[in-house]
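Heads up, the thing below is written out as C-alpha cells.
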Amino acid sequence: MQKQRSSKFMALGLIALVIATPLAAAVAAFALSNWHAGVFGGAFAVAGLTTGFLMRLPRVQAALRRLLPQPVE
107 MQKQRSSKFM
117 ALGLIALVIA
127 TPLAAAVAAF
137 ALSNWHAGVF
147 GGAFAVAGLT
157 TGFLMRLPRV
167 QAALRRLLPQ
177 PVE
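If you use the numbering used here, the sequence shown corresponds to residues 107 to 179, in order.
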C-alpha cells in the first residue's frame, strides 16, 4: 500500500514538473524582456510546445498511465 501511494505521488510530481517548468520559463522570459507584449505570446507558445514534447517522453507517459485509471472490459 505504501509503495503504491509513493509511486502515485512521484508520478504526480513528475507531471507537475513537466507542466510547471515551461510555464515558469515563459513567465521569466516575459519578465526579463521588461514586460514586452511581443514576448508574451511567443514565450507561452514555446511553453505549450515544450510541454507537448515533454508529455511524449516514455517516463512521463508511464507516470500518466499510473495516474489515470484504465477502463476494464
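Every residue, glycine too, gets a C-beta built ideally from N, C-alpha and C.
If you draw a straight line from the C-alpha of residue i to the C-alpha of residue j, how long is it?
i	j	result
alanine 149	glutamine 167	25 angstroms
glutamine 176	leucine 129	29 angstroms
threonine 157	leucine 163	10 angstroms
glutamate 136	leucine 123	Residue 136 is actually phenylalanine in this sequence, not glutamate. Near 20 angstroms, if we compare the C-alpha coordinates of leucine 123 and phenylalanine 136.
alanine 131	leucine 118	20 angstroms
serine 112	valine 178	24 angstroms
histidine 142	phenylalanine 159	26 angstroms
lysine 114	leucine 170	10 angstroms
alanine 151	methionine 161	15 angstroms
Please classify residue i: does DSSP put it in a helix, a strand, or coil?
i	result
valine 178	coil
methionine 161	coil
serine 139	coil
Would you grab the beta carbon distance between residue i and residue j for me? Rounded to a whole angstrom, and I think it's under 8 angstroms.
i	j	result
leucine 173	isoleucine 125	About 13 angstroms; that fails the 8 angstroms criterion.
serine 139	valine 133	Their Cβ separation, rounded to whole angstroms, is 11 angstroms, which puts serine 139 and valine 133 out of contact at 8 angstroms.
Measuring alpha carbon to alpha carbon, tell me which of the options ends up nearest residue i.
i	options	result
leucine 155	Arg171, Thr127, Arg165	Thr127
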